[in-house]
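Data block below; observations after.
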C-alpha cells in the first residue's frame, strides 16, 4: 500500500570523540496514533519499533554495506539499544499525546507523520532522538471541514457591501481633502 511506504530520507556518518555516529533522517510515513504507539500495529505491537528498527538496519546497510547487517545484529540485542529505543518511544508518545494532539485537536484515527533525526552510536548501539529537528504533519479529515452555510454567505455579502460603501466614502473624503490642500497651497 502506498500510504504505508516508509523511507529514510538521508543518512550520514559523523566522527565524534573517536566514535562513529550514524545520523539518519527518519520518516514514519502516514500513520495513526493507534498504529504507531498502540497495539494496533502488526502482530499487536506498536509499529514504532518495527519502523525505527527497519530504518536503523537499512541505514547501516546503506552506509556500511554487508557489514551493516552484522553491526545491526550486534547492537540490536544490546542493553543500550533496547533502553534508548524504549526511551525514544516513550518520549515521542508523550510529546504526541500531551502536546501535539491537544494543540491540533487530533482524535483517534487521525492520520499524521513524523520526519525526524535519529542518531545511533555505532559502537554502543545507543540511540538519540533529535526532537529539535522533528517535523510533524497531519491531515484534516473531511468530516471536520465545514461548508459555508447560506446564512454565512448572506452575512459575508452584507459585510462586503458595507465595506465597499465605507471605502467609497473614504475615497470621496480623501478627494475633498486633496482639493482643500491644493487651494491652501495656491
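Numbering (this note's numbering), first residue to last: 141 to 326.
Cβ atoms here follow ideal geometry from the backbone N, Cα and C, with glycine treated the same way.
Inset, instruction - Ignoring anything shorter than 3 residues or poking outside the region 204-230, list the beta strand (DSSP E) runs there in chain order. - result: Runs found: none.
Legend entry - Which listed residue (217, 193, 236, 152) has its alpha carbon closest to that of residue 172: Comparing alpha-carbon positions, the option among 217, 193, 236, 152 lying closest to residue 172 turns out to be 236.
Legend entry - Beta-carbon proximity of residue 189 to residue 232, cut-off 9 Å: Cβ distance not < 9 Å, so residue 189 and residue 232 don't count as in contact.
Inset, instruction - Provide the residue span of the beta strand (DSSP E) that contains residue 237, from first to last. - result: Taken as a continuous stretch (DSSP letters only), residue 237 belongs to no beta strand (DSSP E), as it is neither H nor E.
Inset, instruction - Grab me the residues of residue 314's own chain with a C-beta within less than 8 Å of its C-beta, minus the 5 sequence neighbours each way, in chain order. - result: Answer for residue 314: no residue qualifies.
Legend entry - Three-state class that DSSP yields for residue 196 in the structure shown: Correct three-state label for residue 196: helix.
Inset, instruction - Put residue 331 into one of helix, strand or coil per three-state DSSP. - result: Only positions 141 to 326 of the chain appear in this structure, which leaves residue 331 out of reach.
Legend entry - Whole-Å CB distance - residue 267 paired with residue 221, under 8 Å assumed: Going by Cβ atoms, the distance from residue 267 to residue 221 rounds to 7 Å, so yes, they are a contact pair.
Inset, instruction - Report all residues from its chain with a CB closer than 6 Å to the CB of residue 338; omit the five preceding and five following residues, and keep chain order. - result: Nothing about residue 338 can be read from this structure; the chain reaches only from 141 to 326.
Legend entry - DSSP three-state assignment for residue 296, whether helix, strand or coil: The answer is helix: DSSP assigns residue 296 an H, G or I state.
Inset, instruction - Whole angstroms is fine: what's the gap from residue 142's alpha carbon to residue 168's? - result: Here the model assigns residue 142 a pLDDT of 40, short of 50, so the residue's position is not dependable, and the following value carries that caveat. Distance between the alpha carbons of residue 142 and residue 168 is about 13 Å.
Legend entry - Bridge partner(s) assigned by DSSP for residue 108: Because the chain in this structure spans residues 141 to 326, residue 108 falls outside the shown range and cannot be described.
Inset, instruction - Might you give, ordered along the chain, the residues of its own chain that have their beta carbon closer than 6 Å to the beta carbon of residue 152, omitting 5 neighbours on each side? - result: Excluding sequence positions up to five before and after residue 152, its CB lies within less than 6 Å of the CB of 163, all in the same chain and listed in chain order.
Legend entry - C-beta contact flag for residue 281 and residue 250 at 9 Å: Against a cut-off of 9 Å, the Cβ pair of residue 250 and residue 281 comes out as a contact.
Legend entry - Bridge partners - residue 164, DSSP secondary structure assignment: According to DSSP, which records beta bridges pairwise, residue 164 is partnered with 151, 258.
Inset, instruction - Would you mind sorting residue 225 into buried or exposed? The rule is 16 or more other CB atoms within 10 Å of its CB. - result: Residue 225 should be labelled buried.
Inset, instruction - Going by CA-CA distance only, name the one from 202, 229, 156 that's closest to residue 178. - result: Closest by alpha carbon: 229.
Inset, instruction - Return the CA-CA distance between residue 255 and residue 170, expressed in angstroms with no decimal places. - result: Going from the Cα of residue 255 to the Cα of residue 170 covers about 10 Å.
Inset, instruction - Buried or exposed for residue 144, please, with buried defined as at least 16 other CB atoms from any protein chain shown within 10 angstroms of its CB. - result: At residue 144 the pLDDT is 42, less than 50, meaning the model places this residue with poor confidence; the figure from the coordinates comes in the next sentence. Within a 10 Å sphere around the beta-carbon of residue 144 sit fewer than 16 other beta-carbons, which makes this residue exposed.
Legend entry - residue 159 vs residue 263 beta-carbon contact at 9 Å: Less than 9 Å separates the beta-carbon of residue 159 from that of residue 263.
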